[in-house]
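Asks:
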Ligand code: NQM
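Residue numbers (my numbering): 109 to 514.
(1) Classify residue 358 as helix, strand or coil using the three-state DSSP reduction.
(2) Which one of 366, 475, 420, 493 has the shortest CA to CA distance from residue 483?
(3) Check for me: the beta strand (DSSP E) holding residue 476 runs from which residue to which?
(4) Give a single yes or no on whether residue 476 has its beta carbon closer than 7 Å to a heavy atom of ligand 1.
(5) CB residue 285 to CB residue 252, shorter than 8 Å?
(6) Who are the near neighbours of residue 156 in its chain, counting only those whose CB is closer than 8 Å to its CB and skipping five residues on each side?
(7) Residues around ligand 1, please: the condition is that the C-beta lies closer than 5 Å to some non-hydrogen atom of it.
(8) Can we say the region 410-427 touches the region 132-151, given the rule of at least three CB pairs closer than 8 Å?
(9) From which residue to which residue does the beta strand (DSSP E) around residue 419 run?
(10) Just to confirm, are residue 235 and residue 281 a CB contact at a threshold of 8 Å?
(11) In the structure shown, what three-state DSSP assignment does residue 323 receive?
(12) Please identify the residue among 274, 317, 287 whose C-alpha is closest to the C-alpha of residue 298.
(13) What are the uninterrupted segments assigned as beta strand (DSSP E) that are 3 or more residues long and contained completely in the region 331-409, given in chain order?
(14) Candidates 412, 439, 469: which alpha carbon is nearest residue 396's?
(15) On the DSSP letters alone, give me the boundaries of the beta strand (DSSP E) that residue 118 sits inside.
(16) Secondary structure at residue 109, three-state DSSP: helix, strand or coil?
(17) Looking at residue 361: is its Cβ nearer than 8 Å to the Cβ of residue 333?
(18) Express the C-alpha separation of residue 230 and residue 404 in angstroms, rounding to a whole number.
(19) Short of 8 Å in beta carbon distance, which residues of its chain neighbour residue 394, apart from the five on each side in sequence? Order them along the chain.
(20) Taking buried to mean at least 16 other C-beta atoms within 10 Å of its own C-beta, is residue 470 buried or exposed?
(21) Are the CB atoms of residue 313 and residue 305 within a distance shorter than 8 Å?
(22) Between which two residues does the beta strand (DSSP E) carrying residue 481 extend?
(23) Looking only at C-alpha atoms, which of 116, 269, 356 sits nearest to residue 340?
(24) How far does the beta strand (DSSP E) with residue 430 in it reach, from first residue to last?
(25) Which of helix, strand or coil does DSSP assign to residue 278?
(26) Whose CA, out of 408, 431, 444, lies closest to the CA of residue 382?
(27) Just confirm the distance between the C-beta atoms of residue 309 and residue 118, as a whole number of angstroms; I'd bet it's less than 8 Å.
(28) For residue 288 versus residue 237, is the C-beta distance shorter than 8 Å?
(29) Taking the straight line between their C-alpha atoms, what separation do you get for residue 165 and residue 338?
(30) Quick check on this structure: which residue in 125, 232, 146, 513 has the alpha carbon closest to the alpha carbon of residue 169?
(31) At which residues does the beta strand (DSSP E) containing residue 240 begin and terminate?
(32) Nearest to residue 124 by CA position, among 161, 510, 267, is which residue?
(33) Classify residue 307 as buried or exposed, calling it buried when 16 or more other Cβ atoms lie within 10 Å of its own Cβ.
(34) Pull the bridge partners of residue 492 from the DSSP assignment, please.
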């Protein structure tokens, strides 16, 4: 099934429909997507990392049960709100007063109805994310993807992998790439996903049914810890100077740096940033140093850490971002990358200590090139949540490119 999940697009497969052997599977997926080729003209990929993604879904294995200690603090509600942003222009209202989500039909209701613990978390499905590189013959399992995850919920319902409970079915997902857990709340009616609704997400034209994803156990997902160096701020060697950074991983390893340190405003478009090879090289040099410090080793062939340029918010949010993923610049922001940035924002606030104690949660609005994304973070409970939308684009048979036998 081809689906849009959040601001990404990908091919969703049942694991049982793909070769078991990862080498054979990846070779097939390259031919399915049309890689390597910048246009992916001979396959179904869209010629950009955000449209060259694959989700492999299977009924969960027993390893999916977590023994992580529980937290009994419920998450706060992150909606509904009657104010929907335009898909391209964010509203300028205050982050504290206006959530970005309009009410879906049906609504999933407040997050406090979600299970509050990961103890005994029994996943319904395992979700392996694969990034099919566009212009290299390479498939990478080295990162998760929160945008594609939004579609995993409805896909699991479509394929009968979970019992449904109208009007909302909670699909419990184990993210195989990192071991992190998520509950995707999918609006359902008569046992089928509902896709139409009034929820708007920045970067996607139109409206859809409101899908809430709540994340658990995301700290240190791939890096050695939430703060891999133990510091909230680090100085990286950068030629004759040093570069101030925050190295953090709450679902996605991310390196935060002030855009001003690179002579940028931080409000440039992705195209403007991508047109500067000197900038890309500079950021890549820092990425290699940061990756090592984050416990990721040699990251030269990896898609993590992501490099995030930050600037003061200018549309009522908490921070403005431009995310290198890691070579192209994201037209929005990845969901788990946003969770990680929001966590850094919350930790850097003077109220962070009080918040950790109370577990009250905080909505952090992250501005990005096509709007904004609100993330609820609860540092105390180690949980976070976002609202998204997803929908199937087509369902059927794909015809991978075949070579004539030599
Ligand atoms: O961070 C792109 C996307 C992503 C990742 C990337 C994502 C996430 O927007 O959870 O969703 O950073 O490669 O699909």
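Glycine included, every Cβ here is placed at the ideal spot set by N, Cα and C.
Replies: Based on what the coordinates show:
(1) Looking up residue 358 in the chain shown gives position 250. The three-state secondary structure of residue 358, taken from DSSP, is strand.
(2) In the chain shown, residue 483 corresponds to position 375, counting from 1. Among 366, 475, 420, 493, the Cα nearest to that of residue 483 is on 493.
(3) For this step, residue 476 is matched to residue 368 along the chain shown. Its beta strand (DSSP E) spans residues 470-476.
(4) On the chain shown, position 368 is the one that residue 476 refers to. Residue 476 Cβ: outside cutoff for every heavy atom of ligand 1.
(5) Here residue 285 refers to the residue found at position 177 when the chain shown is read from its first residue. Here residue 252 refers to the residue found at position 144 when the chain shown is read from its first residue. Against a cut-off of 8 Å, the Cβ pair of residue 252 and residue 285 comes out as a contact.
(6) The residue you call residue 156 lines up with position 48 of the chain shown. Cβ neighbours of residue 156 within its own chain (closer than 8 Å, five residues either side excluded): 242, 436.
(7) Near ligand 1, meaning a Cβ closer than 5 Å to any of its heavy atoms, lie the following residues in chain order: 116, 253, 254, 255, 360, 433, 442, 443, 444, 445.
(8) no
(9) The residue labelled residue 419 in the question sits at position 311 within the chain shown. From DSSP, the beta strand (DSSP E) with residue 419 extends over 414-419.
(10) If you number the chain shown from 1, residue 235 lands on position 127. If you number the chain shown from 1, residue 281 lands on position 173. Contact: yes.
(11) For the purposes of this step, residue 323 is taken as the residue at position 215 of the chain shown. Strand at residue 323.
(12) For the purposes of this step, residue 298 is taken as the residue at position 190 of the chain shown. Ranking 274, 317, 287 by Cα distance to residue 298 puts 274 first.
(13) Within the region 331-409, the complete beta strand (DSSP E) segments of 3 residues or longer fall at 342-346, 349-357, 361-366, listed in chain order.
(14) Along the chain shown, one-based indexing puts residue 396 at 288. Comparing Cα positions, the closest option is 412.
(15) Position 10 of the chain shown, counting from 1, holds the residue named residue 118. Taken as a continuous stretch (DSSP letters only), the beta strand (DSSP E) holding residue 118 covers 116-122.
(16) The residue labelled residue 109 in the question sits at position 1 within the chain shown. Residue 109: coil per DSSP, three-state reduction.
(17) The residue you call residue 361 lines up with position 253 of the chain shown. The residue you call residue 333 lines up with position 225 of the chain shown. No; because the gap between Cβ atoms is not below 8 Å, this pair is not in contact.
(18) What you label residue 404 is simply residue 296 of the chain shown in a count that begins at 1. What you label residue 230 is simply residue 122 of the chain shown in a count that begins at 1. Their Cα atoms are separated by approximately 29 Å.
(19) In the chain shown, residue 394 corresponds to position 286, counting from 1. Excluding sequence neighbours, residue 394 sits near 344, 346, 351, 353, 363, 365, 415.
(20) Residue 470 sits at position 362 when you count from the first residue of the chain shown. Burial call: buried.
(21) For the purposes of this step, residue 305 is taken as the residue at position 197 of the chain shown. For the purposes of this step, residue 313 is taken as the residue at position 205 of the chain shown. Cβ distance not < 8 Å, so residue 305 and residue 313 don't count as in contact.
(22) Residue mapping note: residue 481 aligns to position 373 of the chain shown, counting from 1. Residues 479-486.
(23) Numbered from 1 along the chain shown, position 232 holds the residue referred to as residue 340. Checked all of 116, 269, 356; the closest Cα to residue 340 is 356.
(24) The count along the chain shown starts at 1 and reaches residue 430 at position 322. Run containing residue 430: 427-432, per the beta strand (DSSP E) assignment.
(25) Position 170 of the chain shown, counted from the start, is the residue given in the question as residue 278. Three-state DSSP puts residue 278 in a strand.
(26) Locating residue 382 in the chain shown gives position 274, where the first residue counts as 1. Answer by Cα proximity: 431.
(27) By 1-based counting over the chain shown, the position of residue 309 is 201. By 1-based counting over the chain shown, the position of residue 118 is 10. 16 Å between Cβ atoms; not a contact.
(28) If you number the chain shown from 1, residue 288 lands on position 180. If you number the chain shown from 1, residue 237 lands on position 129. Not a contact, by the Cβ cut-off of 8 Å.
(29) Numbered from 1 along the chain shown, position 57 holds the residue referred to as residue 165. Numbered from 1 along the chain shown, position 230 holds the residue referred to as residue 338. Distance between the alpha carbons of residue 165 and residue 338: 35 Å.
(30) Numbered from its first residue, the chain shown carries residue 169 at position 61. Looking only at 125, 232, 146, 513, the smallest Cα-Cα distance to residue 169 is reached by 232.
(31) Against the chain shown, residue 240 aligns to sequence position 132. Note, residue 240: beta strand (DSSP E), 233-240.
(32) Along the chain shown, one-based indexing puts residue 124 at 16. Among 161, 510, 267, the Cα nearest to that of residue 124 is on 267.
(33) Stepping through the chain shown from its first residue, residue 307 is reached at position 199. Result: buried.
(34) Locating residue 492 in the chain shown gives position 384, where the first residue counts as 1. Answer is 323, 485, bridged to residue 492.
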